[in-house]
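Working notes for the structure below.
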Amino acid sequence: MPLLLYRALFIIIIIVLPATAGGTILDSLLHLLPPPYQSVLSQPDRYNLQILYTQINRDVQNRPHFTHFSFHVDPKQYFYPASLVKLPVAVLALEKINRLGIRGFNRRSRMKIDCDIGCNTIYDSDDNLPSDSISIESSIKRMLLVSDNGGYNRLWEFLTRDYANRRLAECGYGGIRLLHRFSGCAGLQNRENNPIRFFGKQGKVLFTQPQTVSQLPDVNPLAPVFMGSFSYRNGLLIPHPFRADFLNYIPLEEEHRLLIAVMFPATVERKKSFLLTASDYYLLRTWMCLLPHESGIPRYAPDSGYPDNFKKYLLFGDSTHPCVPHLREFNVVGRAYGFMSDVAYFADFDARVEFFLSAVIFANEDDIINDDQYEYNSLALPFFSALGAAVCEYEKKRHRRHRPDLREFLTMLPVSK
Numbered sequence: 000m001p002l003l004l005y006r007a008l009f010i011i012i013i014i015v016l017p018a019t020a021g022g023t024i025l026d027s028l029l030h031l032l033p034p035p036y037q038s039v040l041s042q043p044d045r046y047n048l049q050i051l052y053t054q055i056n057r058d059v060q061n062r063p064h065f066t067h068f069s070f071h072v073d074p075k076q077y078f079y080p081a082s083l084v085k086l087p088v089a090v091l092a093l094e095k096i097n098r099l100g101i102r103g104f105n106r107r108s109r110m111k112i113d114c115d116i117g118c119n120t121i122y123d124s125d126d127n128l129p130s131d132s133i134s135i136e137s138s139i140k141r142m143l144l145v146s147d148n149g150g151y152n153r154l155w156e157f158l159t160r161d162y163a164n165r166r167l168a169e170c171g172y173g174g175i176r177l178l179h180r181f182s183g184c185a186g187l188q189n190r191e192n193n194p195i196r197f198f199g200k201q202g203k204v205l206f207t208q209p210q211t212v213s214q215l216p217d218v219n220p221l222a223p224v225f226m227g228s229f230s231y232r233n234g235l236l237i238p239h240p241f242r243a244d245f246l247n248y249i250p251l252e253e254e255h256r257l258l259i260a261v262m263f264p265a266t267v268e269r270k271k272s273f274l275l276t277a278s279d280y281y282l283l284r285t286w287m288c289l290l291p292h293e294s295g296i297p298r299y300a301p302d303s304g305y306p307d308n309f310k311k312y313l314l315f316g317d318s319t320h321p322c323v324p325h326l327r328e329f330n331v332v333g334r335a336y337g338f339m340s341d342v343a344y345f346a347d348f349d350a351r352v353e354f355f356l357s358a359v360i361f362a363n364e365d366d367i368i369n370d371d372q373y374e375y376n377s378l379a380l381p382f383f384s385a386l387g388a389a390v391c392e393y394e395k396k397r398h399r400r401h402r403p404d405l406r407e408f409l410t411m412l413p414v415s416k
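According to numbering that gives the first Met the number 0, the sequence shown holds residues 0 to 416 in order.
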């Protein structure tokens, strides 16, 4: 039976979908995915498949209440988070400015990094920005819009490894380990952070941070960690797994919970809340949901190689469902070594439907790391699209006592301005 027909039948079935015996709504939704994806679901260890789905039910005062469902989620099952690290780094960078409380120093202050570390390649300029506008804000915009690595590296220097990990633990995200940049540094080289300065008007120095050396362990909590069965190094095939001890680590549940905290900060216990302003939250949410062509940045125009679904994997990833103005994904993604992940909040402003959905999959059929032969397009994106469509269609039919008032998020869209 053609895949499109399977999807049509699926949409009809979920209207009256019950939970499976002894299972959850998520289990039932997964069970009804088209047959091509059942082989993935039946081998979750092979594909390192993890899924989290959170229903949101509003009360009469529009306050959200969450019901969580999971499939094969295991914090001890390592997956490479890749660019998922950009959400906690963006949150922490904004918060650190607020915690410092230095007069005149804000997220738009000009930053300059003195690259003293030999392996580093952080530049003090950006071909697409005026020379005086590299800032925390401009870095966050590009990180959340198109997963820019340069922005992440700049914020990494500002935070320092010890501060970032300590602060995450204080706020209840102690499983996360931010261990390295995306700039060619390896292993112990990531202990050091470059000195950094911020400037105000007329070049006045507002804040100076000296070079630091991390005192934290250099490996993630799951070490020893291995990925794949073979790996390439310097063009040679190595007949043993890739060692991932020094790589970043984020349990899917903690990233999922962090996104919930960004979208609904009032639901977080006060002592574990981030010190962010309403403007900070607006910045984060806006640039998570904007499409590249909506950014106003010429480099990301429609014909520039950045399609609407450039970093929208769930639901929109394989282009079966085109990105539309009224249905938005506020998200952060990761893709490297064959791992693909997406952590997202969906809001349908026409249907007044909302939910959280997060997933990770290992799309590497030959099980070789660093050979650049990964099944992102043939496996990961179609599966993510089908998963997103399944949950979205179910949510549209699910009974709610109170439909959500989503006007707070609607103001972040360019169509509403």
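In this text, a Cβ means the ideal position worked out from N, Cα and C, and glycines have one as well. Keep in mind it's a predicted model, so treat the numbers as computed, not measured.
- Taking the C-beta atoms as reference points, Pro80 is found nearer than 8 Å to Gly333.
- By the C-beta density criterion, Arg102 is exposed, having fewer than 16 other C-beta atoms within 10 angstroms.
- When the alpha-carbon of Gln42 is set against those of Ile139, Ala389, Ser377 and Phe361, the nearest one is in Phe361.
- Just so you know, the alpha carbons of Ser132 and Lys203 end up roughly 15 Å apart.
- Check the Cα spacing between Phe78 and each of Ala388, Met339 and Arg397: the tightest is with Met339.
- Assignment of Gln201 by DSSP, reduced to helix, strand and coil, places it in the helix class.
- Glu94: not part of any beta strand (DSSP E); member of the alpha helix (DSSP H) spanning Lys85 to Leu99, first to last residue.
- Listed in chain order, the non-local C-beta contacts of Leu380 below 8 Å within the same chain comprise Tyr312, Gly316, Asp317 and Met339, local neighbours out to five positions each way being set aside.
- Here Thr207 is exposed, its C-beta having fewer than 16 other C-beta atoms within 10 Å.
- Pro63 sits in a strand when the DSSP states are folded into three classes.
- Contact check for Val39 and Phe382: beta-carbon distance about 6 Å, within the 8 Å limit, so the pair qualifies.
- Contact between Arg176 and Asn164 holds, since their C-beta atoms are separated by about 6 Å, short of 8 Å.
- Judged by DSSP secondary structure, Lys395 falls within the alpha helix (DSSP H) whose first and last residues are Leu380 to Lys396.
- Using a Cβ-Cβ distance cut-off of 8 Å, the region 246-264 and the region 389-404 are not in contact, since fewer than three pairs of beta carbons, one from each stretch, lie closer than that value.
- Within the region 151-211, the runs of beta strand (DSSP E) at least 3 residues long that lie entirely inside it are, in chain order, 195-198 and 204-208.
- A direct Cα-to-Cα measurement between Asn330 and Arg232 gives close to 32 Å.
- Contact annotation: Ile139 and Leu282 have beta-carbon atoms nearer than 8 Å.
- For Ile249, there is no enclosing alpha helix (DSSP H), as DSSP gives it neither H nor E.
- Of the candidates Cys391, Gln372, Gly387 and Ile367, Ile367 places its Cα closest to the Cα of Ser228.
- Between Thr319 and the set Leu386, Asp279, Lys271 and Glu364, the nearest pair of CA atoms involves Leu386.
- Classified as buried, Gly337 has 16 or more neighbouring CB atoms from the shown chains inside 10 Å of its CB.
- Counting other Cβ atoms within 10 Å of its Cβ, His325 stays below 16 and is therefore classed as exposed.
- Excluding the 5 residues flanking it on each side, Tyr375 has same chain C-beta neighbours closer than 7 Å at Arg334, Met339 and Ala362, in chain order.
- Taken in chain order, the complete beta strand (DSSP E) segments of 3 or more residues contained in the region 305-357 are 326-335 and 338-347.
- Look at Arg406 here: in three-state DSSP terms it is helix.
- The three-state reading of DSSP puts Tyr231 in strand, counting E and B together.
- For Ser132, the three-state secondary structure derived from DSSP is coil.
- With a threshold of 16 other beta carbon atoms within 10 Å, Pro291 meets it and is buried.
- In the three-state DSSP reduction, Thr285 falls in the helix class (H, G or I).
- In this structure, Ala92 and Phe157 form a Cβ contact; the two beta carbons are roughly 6 Å apart against a cut-off of 8 Å.
- From the listed residues Pro33, Tyr36, Gln49 and Leu32, the smallest Cα separation to Ser357 is found for Gln49.
- The beta-carbon separation of Leu412 and Arg327, rounded to 7 Å, stays under the 8 Å limit for a contact.
- About 11 Å separates the beta carbons of Phe345 and Leu405, which is beyond the 8 Å limit, so they are not a contact pair.
- The Cβ atoms of Phe241 and Ser230 sit closer than 8 Å to each other.
- Secondary structure note for Gln54: its beta strand (DSSP E) is the uninterrupted segment Gln49 to Arg57.
- Rounded to whole angstroms, Thr266 and Phe273 show a C-alpha spacing of 12 Å.
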